[in-house]
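If you're matching positions, the sequence shown starts at 416 in my numbering and goes up one per residue. In this text, a Cβ means the ideal position worked out from N, Cα and C, and glycines have one as well.
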Amino acid sequence: MRRRQIGRSGLMAPKEDCCHSVVDALSDHLEGRVGFWDRLRLKFHLFRCPICMRYFRQFKKVYQSCDQMNCEDLPEDFDRIMSKVLGQWKGNKG
416 MRRRQIGRSG LMAPKEDCCH SVVDALSDHL EGRVGFWDRL RLKFHLFRCP ICMRYFRQFK
476 KVYQSCDQMN CEDLPEDFDR IMSKVLGQWK GNKG
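And the structure:
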């Protein structure tokens with residue numbers, strides 16, 4: 416799987432563009448696929464941006480809940496449905 420890079424420009428201050436970079440990198444961060452400096456920038460941004468921190472906490476709870484689920488309990492077309500839902504959600508956010 417490809418590693419995402421958190422952009423170095425602007426991650427120090429809470430701005431909409433860097434907030435999108437943070438949101439895009441959260442799953443990689445929780446799975447340990449983010450390098451030391453990117454992880455440090457991510458944590459610093461979360462410290463400075465209460466909106467991203469709230470989103471991170473919610474995302475982490477969902478992520479941990481999903482991690483505890485048994486994949487056999489999911490319907491066969493789960494990936495397809497979730498991709499569609501996330502695509503629609505991203506379309507509404509942009």
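Status (buried if at least 16 other CB within 10 Å, exposed otherwise) for residue i
i    : result
V437 : buried
V449 : buried
C481 : exposed
D488 : exposed
D453 : buried
F459 : exposed
F493 : exposed
D443 : buried
L501 : exposed
Integer Cβ distance of residue i from residue j, believed to fall under 8 Å
i    : j    : result
L461 : M468 : 5 Å
C-alpha gap between residue i and residue j, whole angstroms
i    : j    : result
V477 : F451 : 24 Å
I496 : Q483 : 20 Å
R548 : N485 : The question about residue 548 has no answer here: the residues shown for the chain are numbered 416 through 509.
L426 : Y470 : In this prediction, L426 has a pLDDT of 43, which is less than 50 and means its spatial position is unreliable; what the coordinates show is noted afterwards. When rounded, the distance between both Cα atoms is 16 Å.
E491 : G447 : 27 Å
Residue i vs residue j beta-carbon contact at 8 Å
i    : j    : result
I466 : C433 : no
K475 : L445 : yes
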